[in-house]
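Below: the structure, in structure tokens.
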Amino acid sequence: MSLLTGVGARPVSAPDKRPDDSRSRRRWLPYLLLLPGGAWLILFFIVPTLQLGATSLYDPTGSVTTGYAMTWEFGNYPDAIAYAGPQILRSFAYAAIATVIGILIGYPLAYAIAQKAGRWKNVLLVCVVAPMFTSFLVRTLAWKTILSDNGALVGFLRDVGILGADGRLLATPIAVVLGLTYNFLPFLVLPLYASLERLDTRLLEASGDLYASPTRTFVKVTLPLSMPGLVAGTLLFFIPAVGDYINAALLGNTNTSMVGNVVNSAFLSRQEPPQGAALSFLLMAIILAIVFTYVRRAGTDEVV
Amino acid sequence: MTNPSEAGDLRLSHVTKRFGPFTAVDDLSLTVPQGSFFALLGASGCGKTTTLRMVAGLEEPTTGEVRLGDRDITRLRPYQRPVNTVFQSYALFPHLDVFENVAFGLRRRKIREVRSQVERMLALVQLDGFTKRRPAELSGGQQQRVALARALINHPQVLLLDEPLGALDLKLRRQMQIELKRIQTEVGITFVHVTHDQEEAMTMADTVAVMSAGKIEQLGRPAEIYEYPATAFVANFLGQSNLLAGEAAGQSGGDVLVSAYDQRFAVPAPRARADRGEVFLGVRPEKLGLVAGEADVPAGHQSVRGVITDSSYVGVSTQYLVRTGWGTELAVFAPNSGAAAPLAVGSEVTAHWSPEHAFVLHREPGEGDRTTPVLDTPDAVGVVS
């Protein structure tokens, strides 16, 4: 958990009082330490990103067998939007709904673990993380079974009348949103937990002493103080959820596919890499814009 | 009950607080008159902070009743009580600036005119111009004053102070003690101050209650308690006393006769808490005088002979240890007024005192002499202090 408890922590500068002899070595040491990570990022992030950017501007008339010509085809972008507009909108809508549900489930959970669980704290934390010991794919397939038309859940919902006699959960938007919520919940809960765990309960006492009811105390003290964790958690939840295609592919139908599914098919089945690359870049740009506005509005400079 | 000055008295009656098997506060009853500066003094774990938290509503008494004027506030939630607290840790809201910290209580009660009130309050604690600072950007003393302003601005009927000066260094502490006293006189609100620092309690409070093991050992004006302590604990917690184990043999001519270590002493009856059986004969170190021989003892004084085993010069006085014939070391504080030459370690002396400076306390059978002060460390973290 040491990584998590570091969320929001301010860096502490080390005092500079060593004699000169080790100075030159100390000046190089940070760069030396950066080297493995830096090389990794250049090789597996910067280079592929540039390649992806280039791909998005290739002449779309080419093919894998004939090769692609670099023609600075900016028209790929409007074409991609025209092709996958609904999927893009759907991705953000589903991810947003899932994030809201995630907060409604995750905040009370993180609060309870951090402040009320006592000696059960670590056990509960393990419970939050434990699903990640199995593969993402396997977990989503398990949801497919849970939500299946002749499963117990659908049977129960039909019996109590929430679902119609032939109502179903699988292959609906509900299933996709549920899947997203489930799969990304730990990424929301853990940073929130780290934030709430550091919450000084004496501040809550002080707030109560100063005429704030428990509800006002939550709004005016607990929530603002857990904001760094909430922002970090929602970002870790929302960003992968927008780009996810497994949940839509396994739990949805053709009318619930998200932008990730379009990118997937563009590269792997339809053989239209320029379109897939253009969509990927578009997605990245929109997410960055959203993140920046969000972080600005939330006023937590400690997260990014 | 009809006396108007009693309308806002804080009254605790038979209050007990247990944490599991541990009794933090044991059948405690006390009345804090409206407008007074009241100090709860005691060592760590004596129940003084728990008592304070029950008045604030942060703990609920196991049994007993807390009343404010004629209102029973025992079960009210903290935010429903006209009581505010200055916490030991200050508990300032780190996400709010000084202005919003101080305005917090007003905003929660939907009071208008926040700005002028906050500014007036910050002027009172001499923090004008700090409105935009965050608590982390303030020194300990400044944080302490923000905490005070944040509580005082609500004009509570009772202001609770939980070791508010504990984290400050000595000089700032003395300064804040005078400040607090000044502010209390100015606003006229009842202050209940919890502290383990006896000097702090004595300099600031009108009334001091000395607590030990969840009970009040003695309650009174500081000078009363100091000059005539009620128990051996108080005698050595509030300052220091030389307590000699003896036997009292009743009164004779207005004096209580005490025999200790084959010597007989007389103490005026009004200064004796017991006049028969096992007692302590007590004298404060500064009430003892040192002379070379018995012949030099002033008329009417009583004396004990001994040898000086230690002398420490502390500026205003020299503190001697005098070992008596039976081995107990008495503390003697001789003022450095220049009237007498310092005495060397090893010299034979006679320690003497005037009978009206001595006092007689009850002693448990088998208890021996007690001459060292009850030491206390600042409160450990926890609710039971």
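Here the protein sequences line up with chains A and B, keeping their order.
If you read the first sequence in UniProt numbering, its first letter stands for residue 1, the second for the next number, and so on.
If you read the second sequence in UniProt numbering, its first letter stands for residue 1, the second for the next number, and so on.
All C-beta atoms in this analysis are idealised placements derived from N, C-alpha and C, irrespective of residue type, glycine included.
Which residue spans inside the region 110-164 of chain B form an unbroken beta strand (DSSP E) run of at least 3?
-> 158-162
Consult DSSP for R168 (chain A) and reduce its assignment to one of helix, strand or coil.
-> coil
Of the residues B:D206, B:R107, B:V360, B:F99, the one placed nearest K132 (chain B), counting alpha carbons only = B:F99
Whole runs of the alpha helix (DSSP H) within the region 76-137 of chain A, excluding any shorter than 4 residues = 76-111, 121-129
Exposure of S135 (chain A), with buried meaning 16 or more beta-carbon neighbours within 10 Å = exposed
Could you list which residues in chain B have their beta carbon closer than 7 Å to that of L203 (chain A), in chain order?
-> A91, F93
Could you list which residues in chain B have their beta carbon closer than 7 Å to that of R216 (chain A), in chain order?
-> R108
For R81 (chain B), which residues of its own chain have a beta-carbon under 6 Å away from its beta-carbon, when the five flanking residues on both sides are left out?
-> G57, I73
In DSSP terms, what T63 (chain B) is bridged to = B:T16
Is it the case that the Cβ atoms of P36 (chain A) and Q275 (chain A) are separated by a distance below 8 Å?
-> no
In chain B, what lies closer than 9 Å to G229 (chain A) by C-beta?
-> The premise fails here: G229 (chain A) is roughly 13 Å from chain B at the closest Cβ pair, so nothing lies under 9 Å.
Below 9 Å between beta carbons is the criterion; list the residues of the region 121-152 of chain B that meet it against any residue of chain A, in chain order.
-> A147, R150, A151
CB contact check: P164 (chain B) to chain A, cutoff 8 Å | no
Would a C-beta distance cut-off of 8 Å place T140 (chain A) and L268 (chain A) closer than the cut-off?
-> no
In the region 65-95 of chain B, which residue ranges form an unbroken beta strand (DSSP E) of at least 3 residues, counting only runs that do not cross its ends?
-> 83-86
Determine the closest residue to R77 (chain B) out of B:E356, B:V55, B:A235, B:L257, with distance taken between C-alpha atoms.
-> B:V55
Using a C-beta cutoff of 8 Å, does V295 (chain A) count as contacting chain B?
-> no
Residue interval of the alpha helix (DSSP H) (run including F267 (chain A)) | 259-268
Residue range of the beta strand (DSSP E) that includes N336 (chain B) = Here N336 (chain B) belongs to no beta strand (DSSP E), and DSSP marks it neither H nor E.
Apart from the five residues just before and just after L92 (chain B), which ones in its own chain have a Cβ nearer than 7 Å to its Cβ?
-> N101, P135, Q143, V146, A147
Beta-carbon proximity check, V283 (chain B) vs N336 (chain B), cutoff 8 Å = no
Look up I46 (chain A) in the DSSP assignment and say whether it is helix, strand or coil.
-> helix
Straight-line Cα distance separating G293 (chain B) from Y226 (chain B) = 30 Å
Collapsed DSSP secondary structure at L40 (chain B) in the structure displayed | strand
Should Q88 (chain B) go down as buried or exposed, given a rule of 16 or more other Cβ atoms within 10 Å for buried?
-> buried
Would you say residue 387 (chain B) reaches chain A, if we count a Cβ-Cβ gap shorter than 8 Å as a contact?
-> Coverage of chain B is limited to positions 1 through 385, which leaves residue 387 (chain B) absent and any answer about it impossible.
So is T372 (chain B) buried or exposed if we call it buried at 16+ other beta carbons inside 10 Å?
-> exposed
Just the chain B side, please: which residues come within less than 8 Å of P60 (chain A) by C-beta, in chain order?
-> Ordered by position in chain B, no residue passes the 8 Å Cβ test against P60 (chain A), which lies about 51 Å from the chain.
In chain B, what lies closer than 9 Å to P30 (chain A) by C-beta?
-> By Cβ distance, chain B contributes nothing, its closest Cβ being about 27 Å from P30 (chain A), past 9 Å.
So does the region 354-373 of chain B actually touch the region 253-270 of chain B, counting three or more Cβ pairs closer than 8 Å?
-> yes
If F237 (chain B) sits next to V210 (chain B), beta carbons under 8 Å apart, how far is it from one beta carbon to the other, in whole angstroms?
-> 6 Å
Cβ separation of E60 (chain B) and R75 (chain B), assumed to be a contact under 8 Å, to the nearest whole Å | 7 Å
Given D275 (chain B), which residues of its chain have a CB within under 8 Å of its CB, disregarding the five upstream and five downstream residues?
-> A248, G250, Q251, V256, A269, V360
Does any CB atom of chain B fall closer than 8 Å to the CB of A39 (chain A)?
-> no
Taking A206 (chain A) as the query, report the chain B residues whose CB atoms sit under 7 Å from its CB, ordered along the chain.
-> F87, A91
Exposed or buried, what is F104 (chain B) when buried is set at 16 or more other beta-carbons lying within 10 Å of its beta-carbon?
-> buried
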